Amino acid sequence: MRNMVKNMALAAMVLSIASLDFSCSKNGGEAKASDKPVDIELWYGAAVTEAGPPPADWVGYGIIKEKLNINLNMSALPSSENDQDQKINAAGAANALPDIFMVSNKVLPRLVENQLLANVDDMYDMMPGRTSKLYDASAKAFTSFTVQEKGKTVTHSYGLAQPGSIVRNEGVLIRKDWLDKLGLSVPKTTDEFLEVMKAFTYKDPDGNGKDDTYGIGGYLEVSATNEGLGRRFDPIFGAFGVAGTWNLSSVETAGLNINKPEYYDAMEFFKKIIDEKVIDPNWLAYKKDDFRAAWKQGRFGIMREQNAAYSSKSNYAPFDKNFPEGEWIIVNPPVGPSGKSSVGTYSQSYRIYAVSQKAASEGKKAAIAKLLEWMSSDEGYYLLGWGVEGVNYTKNAQGVPTADNLPDPNLAYTSSAAQPLTQLRNMVYYNSDIELASRYPNYITEVSKKEMKGLEVLRTMQSKPWTACIGQDKMPQPGADLERFYQQGVVEFFTGKRELTKENWAKFLEDFNKLGGADWEKNGIALAKENRFIK
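Residues -23 to -1, 1 to 512 (mature numbering (1 follows the signal peptide of the UniProt record, and there is no 0)) are what the sequence shown spells out, left to right.
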C-alpha cells in the first residue's frame, strides 16, 4: 500500500509540474529566486483520520514551494476533539503553537485570553477570493472577541471560521397546480396562507369530486432544537418570531421561546388552523414515512419538506406517477402580523483555523494568507479536493470531478489509496455547486418528463428567510419529566384537553418553570454566553 501511494504521488507530481506556469505575475505574486522561502507549520484536521498524511513527495509541496516560496510542514491533529484540545493546550502552555492550526471553539477563548493568537482582521483583505467563498459576516462574528488594547476596548476576529455541514436545506412548498386550478395567487401573509388552506380543503383542488384534500400537512418532528410542535410547523411559529426551542439572537433576547408572549400568538394562529379543519387530521399520528407517503398521494397542498426528500429521483417518482400534471413550488414562509418570516432555525457548524501570535511576530501573516488564498484558487481547490486531473479525477460535461475514464482506476480520488492526497480537502470545501452537483443532479422524470433540478431546489430553499440560532444544537437538554410536560402540554392545547386561553397558558408556563423550565433557561443562557453563542 505504501508503495502504491508513493507511486501515485510521483505520477501526480510529474503530470502536475509538467503543466505548471512558473512565470512571474504582474503583482509580484511569484517569488524571486533569491528570496528565502518562508517556513510555515500547519496542524490540520485530517479529512480521513485513519488514512496517512500526504507523502513526502506529494505534488502540492512542490507547487507551494515554487509558486508561493513557502516550505510547508504539516502534521495531522489527533482524531478525537478531546485529544486535539489537549495537544493545542499543551502547545499553548509551552508557547510552542504552530503558525496556523485548527482549533475548537472550546479552546479558542483561552488562547485569546492568554494573548497567544494573532487577530486576523487584516488577513481577509489579503485573500479576497477565499474570503468571498468561506468567510461571511456570520463566520467573522463567530471568532470575534472584545479585548482591551492600549487602554481601549476593541473587537477583533481571532480565527478563520469556515462552514461545515449543509444548512437551510428545507423549505415551504405549495401545490402550484392547485393554486392555478382555483385561480389563487401565492399567499404571502399568515392570513393569506389560511385562506389558501381553506380553499385547498373545501374547493376540490384536485378535481376528483371527493372531499379528500387538506390545506396543510405535517407531523410532530420534535427534537432538542425544535420542541413543542417540531420543525414541520416552524414556518408558522417563525411568522411570530418564535421558531425553534431557543432564541440566541442576542444577549437581550436570549431564552426559551416558549416563555415569550409571541409564542402564545403563534399558538392562537395554529389553533385557527385546527379549528377550521384545514390540516390533515392525521398530523398527530403520522410518522416521517407516513407524512411523506401522504404528500405523494395528494393529501395536502402546503408543507415544509427537505430538499432531497422532495426532489431526488427516487423520492419524487411516486408523486410524478400519481400526479403527472402536479407541481410543487418553493415559496417564502408566511409573514406574520409584525412582519416576521422564517422557514425555521439553523445552526451552522464552523471549522476554525487560528494563526499564532508567534507567527505574526515573525512576519508570517502575509505568507499564511497567500497560502490560504492559493488553496481556494482553482488550482489549489481541485488539487486539495480531488488530486491531479487526469490521474485522480476527470471532469464531466458540467465540470464536476468524477472517477470516470481514468488511465488507472486504482488512482481515483475515491480510492482508499488516494485518501492521503486529499487530507486537506476540508480546508477548501465550502459546499459549492461543484461539490454538491453529483449529490443533487438534474434529471428528467419518468412519467411527466419534466426536468427536476436538485441543486437548484437546495439553493432556492437556502435563499428564503431563516433564523440563525448558532449553537442551538449544543444547548442543555431538559430533564425527562420536564420534556414530557412540555411536549404533552403544548399538544393538549390543540386537542381540546386544555382550552387555549391566556389564563390557562399563564398557568401552564408557571407550572413549566416550577418543574425546571426556569433553571433550564437560566443554565442555557449561561452556557450560550460562555461559548459565545450570544454576544
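Cβ coordinates follow ideal geometry from the N, Cα and C atoms, glycine included.
Keep in mind that this is a model prediction, so the values were computed, not measured.
Query	Result
Proximity of residue 297 and residue 422 at Cβ, strictly below 7 Å	yes
Under 7 Å between C-beta atoms of residue 405 and residue 353	yes
Proximity below 7 Å, CB of residue 98 to CB of residue 134	yes
Whole-number beta carbon distance between residue 177 and residue 278, since they are thought to touch under 8 Å	4 Å
Classification of residue 200 by the beta-carbon crowding that lies within 10 angstroms, buried from 16 upward	exposed
Residue 17 beta carbon less than 7 Å from that of residue 138	no
Enclosing beta strand (DSSP E) for residue 327 [first to last residue]	327 to 332
Residue 480 (DSSP reduced to helix, strand or coil)	helix
Straight-line gap, residue 105 to residue 409 (C-alpha atoms, nearest Å)	17 Å
The region 449 to 457 / the region 500 to 509 touching (three or more Cβ pairs under 8 Å)	yes
Three-state class that DSSP yields for residue 490 in the structure shown	helix
Burial state of residue 269 (16 or more Cβ within 10 Å)	buried
Segment contact flag, the region 413 to 422 with the region 281 to 296, C-beta cutoff 8 Å, min 3 pairs	yes
Any 3 or more C-beta pairs closer than 8 Å across the region 367 to 381 and the region 104 to 121	no
Beta-carbon spacing of residue 69, residue 88 below 7 Å	yes
Touching by the beta-carbon criterion (3+ pairs, under 8 Å), the region 151 to 167 and the region 359 to 374	no
Exposure of residue 312, with buried meaning 16 or more beta-carbon neighbours within 10 Å	buried
Runs of beta strand (DSSP E) wholly within the region 290 to 378 (minimum 3 residues, chain order)	305 to 308, 327 to 332
Burial state of residue 258, where buried means 16 or more other Cβ atoms lie within 10 Å	exposed
Residue burial classification, residue 516 (beta-carbon count within 10 angstroms, cutoff 16)	Because the chain here runs from -23 to 512, residue 516 falls outside it and cannot be looked at.
Straight-line gap, residue 515 to residue 400 (C-alpha atoms, nearest Å)	The structure shown has nothing for residue 515, since the chain only spans -23 to 512.
Residue burial classification, residue 461 (beta-carbon count within 10 angstroms, cutoff 16)	exposed
Cβ distance (whole Å) where residue 320 is taken to contact residue 211 below 8 Å	7 Å
With 16 other Cβ atoms within 10 Å as the buried cut-off, status of residue 301	exposed
Collapsed DSSP secondary structure at residue 451 in the structure displayed	helix
Cross-strand partners of residue 129 (DSSP beta bridge)	126
Straight-line gap, residue 15 to residue 23 (C-alpha atoms, nearest Å)	23 Å
Three-state secondary structure assigned by DSSP to residue 148	strand
Residue 50 - DSSP class collapsed to helix/strand/coil	strand
Near the ligand MG: residue 438 beta-carbon under 6 Å from a heavy atom	No copy of the ligand MG appears in this structure; indeed no ligand is present at all.
Under 7 Å between C-beta atoms of residue 447 and residue 228	no
Other residues of its chain near residue 361: CB distance less than 8 Å, five sequence neighbours each side excluded	37, 352, 399, 401, 402, 404, 405
Buried or exposed (CB count within 10 angstroms, at least 16 for buried), residue 465	exposed
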